[in-house]
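A.B. asks: Respectively, the protein sequence lines represent chains A, B, C and D.
If you're matching positions, the first sequence starts at 482 in the working numbering and goes up one per residue.
If you're matching positions, the second sequence starts at 482 in the working numbering and goes up one per residue.
If you're matching positions, the third sequence starts at 482 in the working numbering and goes up one per residue.
If you're matching positions, the fourth sequence starts at 482 in the working numbering and goes up one per residue.
We put the beta carbon where it would ideally sit given N, CA and C, even for glycine.
There are 4 protein chains.
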Amino acid sequence: PDAEFFAGIPNICLKKDAAVDNSLVYKHYDAKKVVMGKTMEEWLRFSVCFWHTFRGTGADPFGFPTLFRPWDDGSDSMANAKRRLRAAFEFFTKLGDVAPEGATLAESNKNLDEITDLALELQKKTGVKLLWATCNLFANSRYMNGAGSNPNADILAYAAAQVKKGLEVAKKLGAENFVFWGGREGYHTILNTNVLTELTNMASFFKMAAAYKKKIGFTGPLLIEPKPKEPSKHQYDYDAMTVIGFLKHFGLENDYKLNIEPNHTTLAGHSYEHDIVMSSAFGMLGSIDSNTGSPDLGWDTDQFPMDVKNATMVMKTVLEQNGIQPGGLNFDCKVRRESTDLKDMFISHIGAMDTFARGLEIAAKILTDGVIPRQVKERYSSYDTGVGQKINKVQTSFEELEEYIMKKGEPEVASGRQEHYESMLNSYM
Amino acid sequence: PDAEFFAGIPNICLKKDAAVDNSLVYKHYDAKKVVMGKTMEEWLRFSVCFWHTFRGTGADPFGFPTLFRPWDDGSDSMANAKRRLRAAFEFFTKLGDVAPEGATLAESNKNLDEITDLALELQKKTGVKLLWATCNLFANSRYMNGAGSNPNADILAYAAAQVKKGLEVAKKLGAENFVFWGGREGYHTILNTNVLTELTNMASFFKMAAAYKKKIGFTGPLLIEPKPKEPSKHQYDYDAMTVIGFLKHFGLENDYKLNIEPNHTTLAGHSYEHDIVMSSAFGMLGSIDSNTGSPDLGWDTDQFPMDVKNATMVMKTVLEQNGIQPGGLNFDCKVRRESTDLKDMFISHIGAMDTFARGLEIAAKILTDGVIPRQVKERYSSYDTGVGQKINKVQTSFEELEEYIMKKGEPEVASGRQEHYESMLNSYM
Amino acid sequence: PDAEFFAGIPNICLKKDAAVDNSLVYKHYDAKKVVMGKTMEEWLRFSVCFWHTFRGTGADPFGFPTLFRPWDDGSDSMANAKRRLRAAFEFFTKLGDVAPEGATLAESNKNLDEITDLALELQKKTGVKLLWATCNLFANSRYMNGAGSNPNADILAYAAAQVKKGLEVAKKLGAENFVFWGGREGYHTILNTNVLTELTNMASFFKMAAAYKKKIGFTGPLLIEPKPKEPSKHQYDYDAMTVIGFLKHFGLENDYKLNIEPNHTTLAGHSYEHDIVMSSAFGMLGSIDSNTGSPDLGWDTDQFPMDVKNATMVMKTVLEQNGIQPGGLNFDCKVRRESTDLKDMFISHIGAMDTFARGLEIAAKILTDGVIPRQVKERYSSYDTGVGQKINKVQTSFEELEEYIMKKGEPEVASGRQEHYESMLNSYM
Amino acid sequence: PDAEFFAGIPNICLKKDAAVDNSLVYKHYDAKKVVMGKTMEEWLRFSVCFWHTFRGTGADPFGFPTLFRPWDDGSDSMANAKRRLRAAFEFFTKLGDVAPEGATLAESNKNLDEITDLALELQKKTGVKLLWATCNLFANSRYMNGAGSNPNADILAYAAAQVKKGLEVAKKLGAENFVFWGGREGYHTILNTNVLTELTNMASFFKMAAAYKKKIGFTGPLLIEPKPKEPSKHQYDYDAMTVIGFLKHFGLENDYKLNIEPNHTTLAGHSYEHDIVMSSAFGMLGSIDSNTGSPDLGWDTDQFPMDVKNATMVMKTVLEQNGIQPGGLNFDCKVRRESTDLKDMFISHIGAMDTFARGLEIAAKILTDGVIPRQVKERYSSYDTGVGQKINKVQTSFEELEEYIMKKGEPEVASGRQEHYESMLNSYM
């Protein structure tokens with residue numbers, strides 16, 4: 482049970498001046514380094530996706546598995562599940578400060594108890610904590626037409642029983658959050674669908690989940706993760722604003738926050754950081770799945786984030802809202818199915834963690850420098866006093882504003898200076 | 482002043498058996514024909530876009546004007562404006578039952594009074610009514626960074642004065658609705674933008690508009706028209722659910738409804754009828770701009786809708802919510818810039834009206850036949866009684882549902898039968 | 482061995498006036514009906530995709546199988562493979578005039594011989610012919626980085642051996658074509674890729690295939706099927722013109738034609754019929770995979786084609802090039818994973834066949850009527866004589882044209898009349 | 482005539498340690514600095530787009546002009562044209578080493594002679610050279626249905642006369658290249674289009690252009706610039722491979738090369754650097770328009786390139802093919818219409834030049850370091866000897882390869898190591 486699964490790979494350490502082709506060290510991520518009053522690990526709160534990293538096989542719609550792990554015999558046995566879990570904890574420990582994100586690991590309640598007992602034991606032994614728990618309400622064929630929005634009430638009831646157990650497990654393992662992803666909550670054709678009925682039932686489902694969470698004393702936030710499409714043609718949690726509209730319509734906005742994955746944001750037609758910014762502006766940003774996609778592809782590639790500029794924009798928002806705890810930065814990523822070496826598992830996480838460490842440092846520099854924030858603040862300064870302040874506080878009227886502008890005349894127009902801002906950002910990179 | 486602008490073109494009439502290349506008659510639209518208890522014109526409430534049809538020049542970002550109209554000398558003179566208006570009313574009259582949609586036609590208040598006097602006179606004379614009025618808060622350079630969301634309070638004040646006048650004109654002309662389209666309400670780069678400030682100010686702007694509307698006794702609905710992008714990189718009114726979320730967040734949901742343009746819906750990544758269906762489900766569908774785009778292009782082509790299947794899906798929703806009055810079906814369309822003949826203006830509207838007339842008849846057949854609706858109803862029947870009904874009415878809990886499903890066991894899974902529904906729809910076409 | 486696998490389902494027959502919800506009869510497809518001098522079955526040459534229809538499980542990247550077929554025990558045994566084949570031939574026979582498209586059914590040569598013996602026997606017994614054969618050079622993990630373009634020469638050699646056998650099987654079974662689909666021929670990141678080396682090797686691969694085909698006397702055309710992306714980020718056979726450019730660069734244009742799937746065409750950013758039209762214009766259209774996608778989704782949904790207008794545009798091109806034999810119309814489609822009933826397999830094919838039968842009849846009406854073709858011909862008539870004819874035949878020069886236009890003056894500009902053409906098309910629908 | 486148009490702005494100089502908000506100095510671009518044996522200016526060969534930068538008004542399809550330049554009175558007078566030209570040369574001189582790209586500046590031949598006389602004089606005086614000339618064959622209404630592919634032979638003749646003059650001007654001004662962009666060469670609807678006729682005529686047009694170029698002794702390359710769509714729905718020069726296929730089909734491949742704009746490449750569904758890499762691999766890369774777009778938008782935003790990683794990928798290809806001369810890096814970019822300050826014109830070009838200077842230095846580091854190139858070379862090493870070499874040189878057969886692989890057995894599969902390559906690239910950034 483204490484065998485080493487990643488034999489040739491040491492604990493990953495910081496080595497700033499490592500050679501270019503040494504991709505098995507951190508060149509930027511320094512867990513204990515203090516940035517704007519907190520350590521890197523406090524700001525970044527990295528988490529590894531158990532599902533993708535330890536259950537991913539490399540299969541895709543056109544291809545068979547390519548990833549064969551020495552500890553995994555491909556079976557559904559408890560022994561295999563436990564071996565996989567031990568490998569995972571070795572992986573977490575070697576990477577350093579990462580918390581797993583955990584899909585519940587088995588389907589039957591009995592097995593679930595046994596495997597979560599082991600998880601709990603490993604957590605205690607290693608000090609690794611669970612960022613969030615979730616339930617898989619999309620893979621089983623019974624959910625092919627949705628869980629909370631299923632046309633069949635029995636299937637919704639089944640999902641309810643499953644989430645009930647999931648919340649209990651979350652409490653048992655001390656999960657800091659509980660996430661819902663509704664990949665099958667949506668429709669394939671409007672022809673066979675009653676949208677209002679489906680949304681109403683799904684809202685009931687969420688209300689019952691919030692009630693049960695309170696009942697058992699699970700204190701972590703409940704999070705909904707938007708995604709526009711895939712696997713469904715249209716998903717009810719299309720993007721941040723769609724979820725916010727849904728929550729507010731059904732009176733759920735105090736019980737739920739959002740888990741934003743920028744890879745889903747770009748699939749919804751927005752720029753990488755858009756839903757991070759929007760949900761933060763509405764006070765609804767709870768946690769982040771930090772994977773990326775290819776902007777020229779129309780599906781979820783779940784790649785490791787390697788773009789420092791994107792990471793900077795995300796971390797700038799996180800810094801501005803003073804952190805994301807109890808949420809975190811989960812790598813809901815998959816190694817490419819062509820990245821078949823065991824060490825690719827490490828290289829990919831290290832590369833992404835370094836990317837976000839650089840993003841954090843650059844964002845902190847931007848904010849402490851204050852040049853960009855000051856120029857933005859100045860841009861809106863007309864709303865700080867006078868008529869602008871009245872507008873902002875809804876203390877004026879069309880009549881008063883007409884009178885004001887009649888006197889004032891044609892307003893001055895100011896350059897938006899986009900290229901100047903882009904150049905300033907580049908100066909920090 | 483009574484000269485005929487469209488000399489060779491007679492009043493358009495119904496001729497079901499006209500030759501294929503006779504595109505100057507209605508082959509389907511029969512204004513007075515009764516369908517499901519109302520006439521076609523009552524269901525369809527067609528409207529012509531004054532702006533595109535009478536001010537469009539065919540210019541595009543890469544090309545100069547191609548459309549030269551005999552009544553338009555290209556000047557900004559009042560005489561030209563009036564001639565244009567008379568041409569428009571001849572056009573409305575020859576087409577038959579269409580109401581114009583009107584952007585306010587001039588910028589200075591003085592000219593606006595004079596031109597709306599003429600419009601009023603022509604309306605009375607012809608019996609043509611105004612479907613909706615709007616203000617252009619995007620073309621002038623002062624609005625390049627938004628109107629209600631502008632970083633400069635003076636520009637918001639200017640827009641307020643303009644909408645104030647616009648609402649007065651709407652009342653004067655008996656407009657049945659007032660529409661806001663926020664093409665510049667959004668951002669180009671998040672780097673220079675404070676999203677929350679902009680949204681808060683824009684909400685104030687909408688609150689003041691609603692207050693002024695009530696004050697002057699304008700009774701038509703206020704409508705917001707979603708569009709995801711273009712001209713801005715990101716627009717705050719991305720799609721139906723985004724607008725609904727915004728309205729509910731700022732407490733505006735009782736004062737505003739939505740004007741849906743499926744061409745914008747497809748740009749937001751949804752299928753043609755999606756936002757029609759969504760806004761109707763949320764009780765927020767106020768009116769429709771029925772133009773279409775090319776799904777392989779990423780900008781707003783504003784083509785005339787010529788797809789009968791799309792029209793059927795839209796009209797099915799309109800029938801299901803028992804009509805869209807006081808809203809209507811506005812053709813916010815442009816003839817292609819290569820469609821340079823005067824008669825192309827008629828051909829395009831006639832083709833689109835026939836398309837929607839066919840859509841209406843097919844949708845009515847689907848609903849009166851009842852086969853598809855019954856099969857959909859049956860699909861959700863488990864929510865009509867027992868545990869399903871309790872879920873739908875939020876009268877149960879996770880504990881009760883767990884107990885229920887433990888007894889019941891694995892739920893039965895039913896085929897979604899998408900291809901069967903698609904075949905049935907084809908049977909009606 | 483002669484058991485009935487589709488017990489409740491009779492041979493599908495024509496019943497024009499069947500009820501709307503009877504989706505198990507042809508309402509339009511009438512195999513022996515003569516249209517423009519050939520029977521429907523001669524024009525349409527329908528084919529069923531063995532792979533999708535008899536091996537599809539409904540699994541997707543987010544979900545487990547949903548389609549459980551009574552004849553399939555999920556094993557890899559020969560008995561199971563044979564039962565599946567018998568079920569398939571019952572399906573082909575009940576549908577009527579369809580030819581299977583066959584991926585080679587097993588991997589080891591021994592099994593392949595045995596299973597193709599059975600296939601041959603069933604073909605003879607039922608009269609069913611094989612439209613085309615292919616090799617699966619993408620599913621096995623060895624092909625994860627390509628087959629003909631693999632960085633490892635041994636893998637290319639392996640693929641060569643596999644195609645060699647595939648061509649032999651094609652000859653044995655009397656396949657009318659042999660198709661290459663290069664889902665892994667492409668790249669995921671340019672960083673690790675030498676494009677020129679990969680293309681050069683892939684061209685060698687195709688040259689050797691053409692040589693071996695001639696050697697063994699297989700006479701069917703070799704076809705390449707373009708697809709822009711998925712599973713690879715970028716595929717070398719992006720679209721029709723990309724393949725044509727590749728073939729011409731490497732001198733392969735006389736040995737290969739194209740198998741066009743409009744679902745791939747739309748993924749490449751073109752309209753549904755575009756690559757059909759382009760490859761036909763270049764004399765390279767060999768066969769058609771007639772499935773469709775959802776224009777708002779960015780991956781290959783392989784839906785059954787149910788849009789009569791799209792089918793009309795495709796069949797118009799097929800009629801104009803006087804048929805597609807020895808190619809055909811293959812339904813490379815999957816029932817939705819939610820379409821779990823056995824009869825959904827029939828309903829989907831019937832619906833698609835009726836759609837193309839309608840498309841054929843409408844296209845034939847358009848061509849025999851001659852209104853649209855005449856108007857198009859007239860549009861280009863200036864190239865039939867005089868200076869236009871000289872241009873078309875490259876018998877003039879810039880100097881001569883300058884002189885001509887100096888005399889002639891500003892050319893007349895004619896309306897493109899897009900809406901008129903769209904209306905005419907609607908008149909035929 | 483010698484007045485200073487950009488009064489407050491000095492010649493732009495290098496200042497590596499300038500403050501973040503000083504966006505009016507080069508922080509990276511150092512014209513005379515030697516990189517891999519050539520100076521930065523020799524590698525980069527920057528060029529400014531005269532059309533966008535000196536004729537752009539900020540108008541867009543939804544908005545009026547926003548950019549008002551002090552030297553431009555908006556008229557079509559020669560005096561205005563000359564003032565604009567003088568302002569441009571002041572701009573070129575202040576930026577430093579940039580060559581203009583010039584659309585021919587007027588329509589009538591007489592004016593063209595006069596304005597090109599002045600251009601020639603200013604070129605001599607300042608030492609500024611012309612990177613390329615072109616003709617505008619898309620803006621005038623006569624070209625609304627194409628120039629070389631127009632259905633009307635007279636319009637093709639008109640375009641021929643215009644290009645004839647354009648080539649003469651190119652020779653007169655010593656342009657180093659001549660570029661064709663076919664924005665209207667394509668179709669809006671296939672219904673009114675004969676694709677083969679249009680392509681055949683367009684090929685004739687290009688043949689005549691090549692002939693006339695030789696006749697007058699203009700020695701610069703003729704270049705075609707691919708773009709997939711916009712303004713047309715579909716353009717015949719969709720992307721690099723489409724153009725290459727067209728050129729090879731009509732025997733034009735020796736007379737034309739490609740001018741690649743990555744903004745168009747991304748609109749065609751490829752990654753930023755894709756068409757640069759492809760056209761270079763085929764020996765057809767002639768010049769580069771280096772602007773960028775927003776991946777979440779579906780039209781050509783012509784933004785200034787500010788992404789160092791993209792610039793690195795482009796410059797790596799340029800270095801690998803040992804430069805792009807006589808081509809160059811043209812900024813075919815527009816300041817945002819909200820960037821209304823005169824100095825935004827400078828800031829945008831400076832920011833983009835610095836971006837490419839950084840890209841050049843990083844690419845040079847990657848190549849001289851040799852780590853990445855060596856690892857890629859190693860990846861393909863099996864084609865350097867033995868059976869791989871035979872494949873690469875087309876000296877083997879399917880029979881030989883089958884025999885080889887039978888002996889060898891299942892090939893070894895190697896990790897593609899995408900994340901490792903991405904991490905290495907990040908190490909260089």
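With 9 Å as the C-beta to C-beta threshold (strictly closer), list the residues of the segment 646-662 of chain C near chain D in chain order.
C.D. replies: Those residues of the segment 646-662 of chain C that come within reach of chain D (Cβ to Cβ, closer than 9 Å) are 646, 648.
A.B. asks: With DSSP as the reference, label residue 510 of chain C as helix, strand or coil.
C.D. replies: Residue 510 of chain C falls in the coil class under three-state DSSP.
A.B. asks: In terms of residues, what are the limits of the beta strand (DSSP E) holding residue 659 of chain A?
C.D. replies: Segment 658-662, the beta strand (DSSP E) holding residue 659 of chain A.
A.B. asks: I'd like to know if residue 518 of chain B contacts chain C, where contact means its C-beta is closer than 8 Å to some C-beta of that chain.
C.D. replies: Answer no: the Cβ-Cβ gap between residue 518 of chain B and chain C never drops below 8 Å.
A.B. asks: If you drop the 5 nearest sequence neighbours on each side, which residues of the same chain put their C-beta closer than 8 Å to that of residue 784 of chain A?
C.D. replies: 744, 772, 773, 774, 775, 814, 815, 817, listed in sequence order.
A.B. asks: Indicate the three-state DSSP secondary structure (helix, strand or coil) for residue 876 of chain C in the structure shown.
C.D. replies: Residue state, collapsed to three classes: coil.
A.B. asks: Would you kindly work out how many angstroms separate the C-alpha atoms of residue 637 of chain B and residue 645 of chain B, rounded to a whole number?
C.D. replies: When rounded, the distance between both Cα atoms is 12 Å.
A.B. asks: Flag residue 546 of chain D as yes if its beta-carbon sits less than 8 Å from any beta-carbon of chain B, otherwise no.
C.D. replies: Closer than 8 Å: yes.
A.B. asks: Would you identify the three-state DSSP class for residue 488 of chain B, choosing helix, strand or coil?
C.D. replies: The answer is coil: DSSP assigns residue 488 of chain B none of H, G, I, E or B.
A.B. asks: Should residue 757 of chain B be flagged as near chain C, meaning a C-beta pair shorter than 8 Å?
C.D. replies: Closer than 8 Å: no.
A.B. asks: Curious, which full-length beta strand (DSSP E) runs of at least 3 residues does the segment 790-843 of chain C contain?
C.D. replies: Runs of the beta strand (DSSP E) inside the segment 790-843 of chain C: 810-812.
A.B. asks: Along chain B, in chain order, which residues have C-beta atoms closer than 8 Å to that of residue 819 of chain D?
C.D. replies: Chain B residues near residue 819 of chain D: 625, 626, 669.
A.B. asks: Tell whether a beta-carbon distance below 8 Å holds between residue 845 of chain D and residue 516 of chain D.
C.D. replies: Contact flag set, yes.
A.B. asks: Is residue 674 of chain C helix, strand or coil by DSSP?
C.D. replies: In the structure shown, residue 674 of chain C sits in coil (DSSP, three-state: anything other than H, G, I, E or B).
A.B. asks: Could you work out which residue in B:895, B:634, B:834, B:908 is closest to residue 493 of chain B when comparing CA atoms only?
C.D. replies: Cα-wise, what sits closest to residue 493 of chain B is B:834.
A.B. asks: Strictly below 7 Å CB to CB, what residues from chain A border residue 664 of chain C?
C.D. replies: Residues of chain A passing the Cβ test: 543.
A.B. asks: Whole angstroms is fine: what's the gap from residue 832 of chain B's alpha carbon to residue 908 of chain C's?
C.D. replies: So the alpha carbons of these two residues sit roughly 10 Å apart.
A.B. asks: Buried or exposed, going by whether 16 or more other CB atoms sit within 10 Å of the CB of residue 862 of chain A?
C.D. replies: Per the 10 Å Cβ criterion, exposed.
A.B. asks: Count the CB pairs spanning the segment 786-798 of chain A and the segment 745-759 of chain A that are closer than 8 Å, and state whether there are at least three.
C.D. replies: Segments in contact, yes.
A.B. asks: My output table needs one value for residue 780 of chain A: the three-state DSSP class, helix, strand or coil.
C.D. replies: In the structure shown, residue 780 of chain A sits in coil (DSSP, three-state: anything other than H, G, I, E or B).
A.B. asks: Residue 770 of chain D lies in the beta strand (DSSP E); which residues open and close that run?
C.D. replies: Residue 770 of chain D -> beta strand (DSSP E) spans 766-770.
A.B. asks: Do the CB positions of residue 579 of chain A and residue 504 of chain A come within less than 8 Å of each other?
C.D. replies: Their beta carbons are not under 8 Å apart, which means residue 579 of chain A does not touch residue 504 of chain A by this criterion.
A.B. asks: Could you tell me if residue 604 of chain D is buried or exposed, where buried requires 16 or more neighbouring beta carbons within 10 angstroms of its beta carbon?
C.D. replies: Residue 604 of chain D is buried by the Cβ-count criterion.
A.B. asks: Taking 8 Å as the CB-CB cut-off, is residue 742 of chain B touching chain A?
C.D. replies: Not an interface residue.
A.B. asks: In whole angstroms, what is the alpha-carbon distance linking residue 708 of chain A and residue 722 of chain A?
C.D. replies: Rounded to whole angstroms, residue 708 of chain A to residue 722 of chain A spans 11 Å at the Cα level.
A.B. asks: So with Cβ pairs under 8 Å, would you call residue 482 of chain D a contact of chain C?
C.D. replies: Per-residue confidence for residue 482 of chain D stands at a pLDDT of 46, beneath the threshold of 50, marking its modelled position as unreliable; no derived number is given.
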